[in-house]
Structures are given as C-alpha cells and as structure tokens.
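Chemist: Residue numbers for the sequence shown follow this note's numbering, beginning at 1 and rising by one.
Got a structure for you, written out below as structure tokens; questions coming shortly.
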Amino acid sequence: EAEFTRDERENVTILCGGFSLRHDRFVKASCQGLGYNVELIPTPVKADFQAGKEFGNNGQCNPTYFTVGSLVNYLIRLREEGGLSSEDVIKRYSFITTGACGPCRFGMYEAEYRLALRNSGFDGFRVLLFQYQGGLNQSAKKAGLEVNLDFALALLNAVLIGDVLNELAYQIRPYETVSGKTDEVFEKVTQRVCDHMRARDWSQVRKGWASRSIAKFASAMLSEKEVAGVIEQLTGDYYLSVLRECREMIEREIEVDFTRAKPIAKITGEFWAQTTEGDGNFHMFRFIESQGAEVLVEPIMTWIAYLLTQAQTKFADTKGLGAGDDIFSKVKAEFDFRKKDLLLGAVKRVLVREYDRIRNALGGTVHEQVCQMELQRMAHPFYNRKGAGGEGHLEVAKNIYYAHKGLAHMVLSLKPFGCMPSTQSDGAQAAVVSHYPDMVYLPVETSGEGDVNAHSRVQMALGEAKSKCREEFKTCLARAGYSLEEIREFVGAHPKLRNPIQHVPHREGVTGKAASFVLHVAELMTREGYVANIPADQAAFA
C-alpha cells in the first residue's frame with residue numbers, strides 16, 4: 001500500500017474510532033487542533049458485525065468483527081452514497097488503529113483489516129498501525145502523521161478528560177431529578193471541550209529560563225520548545241480553565257436526589273468490550289442504568305498505568321542479564337536499569353498528577369487512580385502478575401479491589417466470546433469468589449447476538465446487588481436517627497445537598513451513595529440542632 005506522506009496531509013482524511021463516544025470526539029477535536037483532517041467511524045452496530053464476518057476470517061473475536069466491519073461499511077457508504085470510486089476512497093482516506101502482541105487476537109487486527117479491505121474492494125487502503133510497544137509504522141522522514149510531543153500531549157489530554165467526564169456523567173445520571181437532563185448538559189459540556197481543544201494553537205508555547213536550562217541537560221531527548229511544552233502542560237491551565245466552566249454549568253443546570261438507593265455495578269473485562277457503548281457490549285451500561293443501578297466505568301488511564309507498571313516489572317526481572325563479568329559492564333547495566341526505571345516511574349507519576357488535576361477541576365468526586373502495585377499484590381495469589389495477554393492480572397485485581405474496598409455492590413466483567421486472556425482470568429476468578437463469598441461477580445461473554453440472554457443474566461446478578469444495597473441503606477438510615485421523610489425535607493431546604501458535584505464522605509463498610517448520603521445529612525442535621533420525630537431508641541445519635 002502507498003504511504004501516507006506529509007505532502008498529502010491537507011487532502012487525506014484520517015479515520016479513527018473505537019473508544020467511548022466522548023473519548024472519540026475528544027481525540028478527533030485534539031487532532032484537528034494539530035491541523036489534521038479527522039473523521040470518526042460510527043460506533044459499530046450488528047450490521048458491522050455481519051460485515052466483519054463476511055469479509056474477514058472465521059474464528060475472530062467479537063471486537064475484531066465489529067471494528068473491522070465498521071470500517072468496511074463506512075468505506076462502502078462513501079463509495080455507494082458519497083459518489084466516490086474505490087480508487088478515490090483509497091486516495092483520500094486512511095485509517096489508524098492500535099496493535100498488540102501476546103496471546104490475543106488483538107495482535108492480528110492489522111492483518112484482519114487488510115484482508116477485509118481487500119475482499120470488499122479496497123485493496124491498498126492505508127492502515128496506520130499504532131503499536132504501544134513500537135510506535136507508528138510509517139517513514140519518519142515523510143510521515144503524514146507526526147508522532148511528536150504535541151501529538152502525545154493532545155492525545156493524553158483527550159483520554160484523561162474523556163475518562164473523568166465519562167465517569168462523572170455515569171455518577172450523576174442515575175440520580176437526576178429531571179430525566180434526560182444529564183445527557184443534555186453533558187452534550188453541551190462535551191461540545192464546549194471539543195471547541196476548546198480544536199482552537200488550541202500548538203505553535204504558541206512560552207519559552208523561559210526554565211525551559212532553556214532544562215533543554216541544556218535534556219538536549220539529546222527534547223528540544224527547548226518541547227521542554228517548554230511539557231512545562232506548560234504541567235503548570236498551565238488551558239484545559240483546566242474550560243473544565244472549571246463545565247463544572248459550573250453542570251452544578252447550575254442539574255439537580256440530583258441522592259436519597260434514592262441504587263446498587264453500584266463496576267465494569268471490568270476486555271479493553272474494547274468494557275469501553276464501547278453500542279451493540280458490541282449489548283448497550284450494557286444504559287441497560288444497567290435502566291434497571292435502577294449506577295455504573296462505575298473503567299478509565300483508559302488504568303490501562304496506560306498498567307502498561308507502564310508491567311514495563312517496570314520487566315526491567316526489574318531482566319536487570320543485569322546480558323552484562324559482562326567485568327565491573328565496568330556491571331556498573332553500566334545497573335546505570336541503564338536505574339535510568340529506565342526512574343524514567344518510567346516519573347512518567348507514571350506525571351500521568352497520575354495530570355489525571356488528578358483534571359479530577360479536581362471537575363469537583364474531585366471521580367475516583368482516584370488505583371495504585372498499580374496494590375493491584376499486583378491483590379491479584380498475585382490468584383493470577384501471576386507476570387502473566388501477559390489482555391489485561392493480565394487486572395481483571396482479577398479489580399474484582400477484589402472494588403468488592404473488598406466497598407466501592408461496588410457487584411462487578412460485571414465484559415469480554416468477547418472465546419477471548420483467551422479473559423478465559424484465563426475467569427478460571428482464576430473461581431478461586432477469588434470462593435475466597436470472598438460475599439462478592440457478587442458476573443462474567444458475560446459478548447457476541448454478535450445473545451443480548452437477551454446476557455441482559456437476563458445481568459438482571460439476576462443485579463437482583464442480588466439490589467438486595468445488598470437495600471439492606472445497607474436500611475441499616476444506615478437506622479443509624480442516622482432520622483426518618484427518610486425528615487432527611488428529604490432537610491435536603492429540600494438546602495440547595496447544596498442537591499448539587500450533582502458534592503462530596504459525600506465514603507464510610508468504612510458502606511458502599512452505596514444513598515447510604516453514605518443519609519449518614520452525611522444526618523450529621524449536618526444534628527449539627528444544626530434538628531430534632532427527630534421518631535422514637536429516641538431508634539436514633540443512633542439520641
């Protein structure tokens with residue numbers, strides 16, 4: 001296939017997609033801010049699954065069929081409805097996707113895309129493969145897509161902001177007092193952030209004494225402009241300013257009722273299945289919400305931190321291998337190890353810091369990043385932390401973490417039918433569940449069909465989670481010492497308690513938001529001298 005060169009950048013549209021709806025829009029806007037022509041492939045539907053099976057190989061996994069079919073159908077629509085010939089499509093468009101290695105068919109995505117494109121009449125269509133372990137497969141001298149520091153920072157902000165806004169929306173929507181208001185407001189918020197990302201002028205970076213000084217020592221890695229860009233990212237508020245505006249909009253336009261008890265369902269599983277918001281996972285997030293539960297989605301940032309931690313583990317395990325017996329070789333090997341370990345550790349800390357800055361700009365109610373070393377320690381007795389493939393030990397670790405820490409009433413693991421890495425973790429989950437008998441854990445394999453059966457199984461698990469949530473709420477309400485009507489009357493008189501972005505202190509042994517909320521409100525009522533109208537022997541604060 002022809003390469004995508006720098007000279008073609010103005011005339012070639014880059015197609016991308018595959019994350020959540022909000023993530024995809026932020027990635028598009030960020031790349032447009034860098035000067036690229038970018039369009040999104042729509043969220044895959046079942047017709048795309050069928051196209052993937054028609055034009056691709058047999059025996060592929062669910063995400064392969066959906067994503068491959070989505071690209072093929074998009075190009076077919078360009079040809080049949082847009083009036084373009086196959087040659088025009090090949091000339092004017094390219095597609096960027098990710099690749100991987102290990103015991104997962106994900107590593108075969110690139111070959112599957114090329115096969116399906118050839119079988120559908122688009123032989124030679126340009127597929128840019130972005131390997132998280134090896135960069136982008138294009139000539140650096142004439143690259144149409146420059147993977148430089150600006151590109152990395154643009155994608156980083158798109159992913160982190162998408163993570164936080166996604167979780168915040170899922171936190172608020174189940175408790176909104178006006179149905180549909182959260183979606184309406186977050187659409188405006190998403191568009192506002194997209195406009196801000198698209199308007200950024202990456203050429204305007206302020207250089208100063210700090211960037212000049214650091215560039216002298218880091219000249220082999222970064223230029224002065226790049227050092228200035230990193231400093232601006234770490235200290236500036238270009239993104240934070242618009243996020244603070246968005247927070248004000250959310251607080252001003254949405255009102256919530258946190259006295260309604262709803263179980264929390266944590267989503268884990270295979271990367272694509274736990275991220276997409278369409279037919280690929282049976283619209284599972286919206287289905288869970290329709291059943292009266294709150295969804296706790298998984299941030300992409302966790303996957304990035306996992307990759308960095310695994311790289312650190314690998315460096316530690318191979319420390320000194322290949323070094324000579326002489327003292328000079330040993331010292332050099334030790335120095336190389338320390339340098340790589342410090343660099344990876346610094347990158348991870350910077351990413352977590354940036355994630356926290358975005359969280360705090362939006363009120364700080366979104367969960368912090370989980371410590372990867374703690375996840376390793378939790379999972380290792382059940383799943384070796386050095387086992388690669390898919391999310392490795394993460395599925396096991398997150399099940400233990402969110403159940404044991406009282407952050408979710410149930411854990412739902414979404415994965416493709418026949419996914420080898422997920423099957424490995426499912427085997428370990430049997431031991432986990434036997435060790436934690438109170439845990440509500442459900443693995444669901446997705447395919448092109450089977451949504452009715454999957455929804456039925458989720459309903460059964462949610463029934464158990466709802467029962468736990470109701471008992472917990474009943475116990476906390478008794479501890480509060482006030483009736484639910486009195487608490488709601490107090491909330492009605494205090495607008496701040498109807499704010500969608502308010503801090504409700506998490507209590508040891510309490511999982512549900514409503515249970516923690518009634519205890520929080522009861523403390524405020526007691527502090528203000530509110531007198532309960534229920535018998536004193538039923539009041540925890542009597």
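The beta-carbon is built from N, C-alpha and C at its ideal position, and this holds for glycine as well.
Going by beta carbon distance, what residues of the same chain come within less than 6 Å of residue 538, once the five residues before and after it are set aside?
Modeler: Locating residue 538 in the sequence shown gives position 538, where the first residue counts as 1. Since pLDDT at residue 538 reaches only 45, below the 50 mark, its modelled position is unreliable, and the value read off the structure follows with that caveat. Around residue 538: no qualifying Cβ.
Chemist: If we count the other Cβ atoms within 10 Å of its Cβ and call it buried at 16 or more, is residue 427 buried or exposed?
Modeler: The residue labelled residue 427 in the question sits at position 427 within the sequence shown. Residue 427 should be labelled exposed.
Chemist: Counting along the chain, where does the alpha helix (DSSP H) carrying residue 42 start and finish?
Modeler: Locating residue 42 in the sequence shown gives position 42, counting from the first residue. Residue 42 -> no alpha helix (DSSP H), and no H or E assigned at all.
Chemist: Measuring only the C-alpha atoms, how far is residue 262 from residue 356?
Modeler: Locating residue 262 in the sequence shown gives position 262, where the first residue counts as 1. Locating residue 356 in the sequence shown gives position 356, where the first residue counts as 1. Cα to Cα, the separation comes out at about 27 Å.
Chemist: Apart from the five residues just before and just after residue 440, which ones in its own chain have a Cβ nearer than 8 Å to its Cβ?
Modeler: Locating residue 440 in the sequence shown gives position 440, counting from the first residue. Cβ within range, chain order: 403, 409, 410, 411, 461, 464, 465, 468.
Chemist: Comparing alpha-carbon positions, which option in 509, 197, 179 lies nearest residue 473?
Modeler: Here residue 473 corresponds to residue number 473 of the sequence shown, with the count starting at 1. Here the closest residue by C-alpha is 509.
Chemist: Starting from residue 145, trace the alpha helix (DSSP H) both ways and give me its first and last residue.
Modeler: Position 145 of the sequence shown, counted from the start, is the residue given in the question as residue 145. Neither: residue 145 is in no alpha helix (DSSP H) and is coded neither H nor E.
Chemist: Which first and last residues belong to the beta strand (DSSP E) in which residue 446 is found?
Modeler: For this step, residue 446 is matched to residue 446 along the sequence shown. That run of the beta strand (DSSP E) goes 441-446.
Chemist: Between the alpha carbons of residue 9 and residue 405, how many angstroms are there, rounded?
Modeler: Taking the first residue of the sequence shown as position 1, residue 9 is located at position 9. Taking the first residue of the sequence shown as position 1, residue 405 is located at position 405. About 49 Å.
Chemist: Under 8 Å: do the stretch 436-450 and the stretch 414-425 share three or more Cβ pairs, one atom per stretch?
Modeler: Yes, since at least three Cβ pairs between the stretch 436-450 and the stretch 414-425 fall closer than 8 Å, the two stretches touch.
Chemist: Taking Cβ to Cβ, would you say residue 352 is nearer than 7 Å to residue 369?
Modeler: Mapped onto the sequence shown, residue 352 falls at position 352. Mapped onto the sequence shown, residue 369 falls at position 369. Contact flag set, yes.
Chemist: Could you check the C-alpha separation between residue 542 and residue 492 for me, to the nearest Å?
Modeler: As a working mapping, residue 542 is identified with position 542 in the sequence shown. As a working mapping, residue 492 is identified with position 492 in the sequence shown. Note that residue 542 scores a pLDDT of 34, beneath 50, so its modelled location is shaky and nothing firm can be said.
Chemist: By a C-beta neighbour count over all protein chains shown, 10 Å radius and 16 as the cutoff for buried, is residue 200 buried or exposed?
Modeler: The sequence position of residue 200 within the sequence shown is 200, counting from 1. Buried.
Chemist: Apart from the five residues just before and just after residue 74, which ones in its own chain have a Cβ nearer than 8 Å to its Cβ?
Modeler: By one-based count along the sequence shown, residue 74 stands at place 74. Only 15, 41, 42 meet the Cβ criterion.
Chemist: By the DSSP assignment, the alpha helix (DSSP H) with residue 371 in it spans what residues?
Modeler: Reading the sequence shown from its first residue, position 371 is the one you call residue 371. Neither: residue 371 is in no alpha helix (DSSP H) and is coded neither H nor E.
Chemist: Answer yes if the stretch 262-279 comes into contact with the stretch 477-487, meaning at least three C-beta pairs across the two stretches below 8 Å, and no otherwise.
Modeler: No: fewer than three Cβ pairs fall under 8 Å.
Chemist: When you compare only the Cα positions, how much space is there between residue 39 and residue 116?
Modeler: On the sequence shown, position 39 is the one that residue 39 refers to. On the sequence shown, position 116 is the one that residue 116 refers to. Going by the C-alpha atoms only, they are around 20 Å apart.
Chemist: Closer than 8 Å is the cut-off here; do at least three beta carbon pairs connect the stretch 141-151 with the stretch 264-284?
Modeler: Verdict: no, contact absent.
Chemist: Could you give the first and the last residue of the continuous beta strand (DSSP E) run that contains residue 416?
Modeler: The sequence position of residue 416 within the sequence shown is 416, counting from 1. Counting along the chain, the beta strand (DSSP E) containing residue 416 begins and ends at 410-416.
Chemist: Assuming residue 504 contacts residue 517 (C-beta within less than 8 Å), just tell me the rounded distance between them.
Modeler: Counted from its first residue, the sequence shown places residue 504 at position 504. Counted from its first residue, the sequence shown places residue 517 at position 517. With 8 Å as the limit, residue 504 and residue 517 qualify as a contact, their Cβ atoms being about 5 Å apart.
Chemist: Tell me the rounded alpha-carbon separation between residue 69 and residue 314.
Modeler: Locating residue 69 in the sequence shown gives position 69, where the first residue counts as 1. Locating residue 314 in the sequence shown gives position 314, where the first residue counts as 1. Distance between the alpha carbons of residue 69 and residue 314 is about 36 Å.
Chemist: Provide the residue(s) that pair with residue 97 in DSSP beta bridges, ordered along the chain.
Modeler: Residue mapping note: residue 97 aligns to position 97 of the sequence shown, counting from 1. BP columns for residue 97 point to 129.
Chemist: Does residue 89 come out as helix, strand or coil in the three-state DSSP assignment?
Modeler: Stepping through the sequence shown from its first residue, residue 89 is reached at position 89. Residue 89: helix per DSSP, three-state reduction.
Chemist: What number of angstroms, rounded off, separates the C-alpha of residue 535 from the C-alpha of residue 188?
Modeler: Here residue 535 is taken as the residue at index 535 of the sequence shown, counted from 1. Here residue 188 is taken as the residue at index 188 of the sequence shown, counted from 1. In this prediction, residue 535 scores a pLDDT of 49, lower than 50, which makes its location untrustworthy; the coordinate-derived value is nonetheless stated afterwards. If you take the alpha carbons of residue 535 and residue 188, they lie about 48 Å apart.
Chemist: Going by C-alpha distance, which of 64, 84, 82 is nearest residue 114?
Modeler: Numbered from its first residue, the sequence shown carries residue 114 at position 114. Minimum Cα distance to residue 114 is reached at 64.
Chemist: Whether or not the stretch 27-37 and the stretch 154-163 are in contact is what I'm after, with contact meaning three or more pairs of Cβ atoms, one per stretch, closer than 8 Å; do they touch?
Modeler: Yes: the two stretches touch, three or more of their Cβ pairs being nearer than 8 Å.
Chemist: Which complete beta strand (DSSP E) runs does the stretch 250-277 hold, if anything under 3 residues is left out?
Modeler: Segments of the beta strand (DSSP E) lying fully in the stretch 250-277: 264-269.
Chemist: Hey, would you say residue 12 sits closer than 7 Å to residue 86, going by beta carbons?
Modeler: Along the sequence shown, one-based indexing puts residue 12 at 12. Along the sequence shown, one-based indexing puts residue 86 at 86. Contact: no.
Chemist: Going by DSSP, which residues form a beta bridge with residue 5?
Modeler: What you label residue 5 is simply residue 5 of the sequence shown in a count that begins at 1. Bridge partners of residue 5: 143.
Chemist: I'd like to know whether the C-beta atoms of residue 259 and residue 515 end up nearer to each other than 7 Å.
Modeler: Position 259 of the sequence shown, counting from 1, holds the residue named residue 259. Position 515 of the sequence shown, counting from 1, holds the residue named residue 515. No, the Cβ-Cβ distance between residue 259 and residue 515 is not below 7 Å.
Chemist: Who are the near neighbours of residue 543 in its chain, counting only those whose CB is closer than 6 Å to its CB and skipping five residues on each side?
Modeler: Any answer about residue 543 is impossible in this case: the structure gives the chain only from 1 up to 542.
Chemist: Measure how close the beta-carbons of residue 169 and residue 151 come, nearest whole angstrom, since I'm counting them as under 8 Å.
Modeler: If you number the sequence shown from 1, residue 169 lands on position 169. If you number the sequence shown from 1, residue 151 lands on position 151. So it is not a contact: roughly 27 Å between Cβ atoms.
Chemist: Short of 6 Å in beta carbon distance, which residues of its chain neighbour residue 288, apart from the five on each side in sequence? Order them along the chain.
Modeler: Translated into positions along the sequence shown, residue 288 becomes position 288. Answer for residue 288: 265, 295, listed in chain order.
Chemist: Assuming residue 79 and residue 89 are in contact, meaning their beta carbons sit under 8 Å apart, how far apart are those beta carbons, in whole angstroms?
Modeler: Sequence index remark: in the sequence shown, residue 79 carries index 79 (1-based). Sequence index remark: in the sequence shown, residue 89 carries index 89 (1-based). Sure, about 6 Å apart at Cβ, within 8 Å.
Chemist: Expressed to the nearest angstrom, what Euclidean distance is found between the alpha-carbon atoms of residue 520 and residue 54?
Modeler: Locating residue 520 in the sequence shown gives position 520, where the first residue counts as 1. Locating residue 54 in the sequence shown gives position 54, where the first residue counts as 1. Going by the C-alpha atoms only, they are around 56 Å apart.
Chemist: Look at the alpha carbon of residue 316 and the alpha carbon of residue 385, and state the distance between them as a whole number of angstroms.
Modeler: Position 316 of the sequence shown, counting from 1, holds the residue named residue 316. Position 385 of the sequence shown, counting from 1, holds the residue named residue 385. When rounded, the distance between both Cα atoms is 13 Å.
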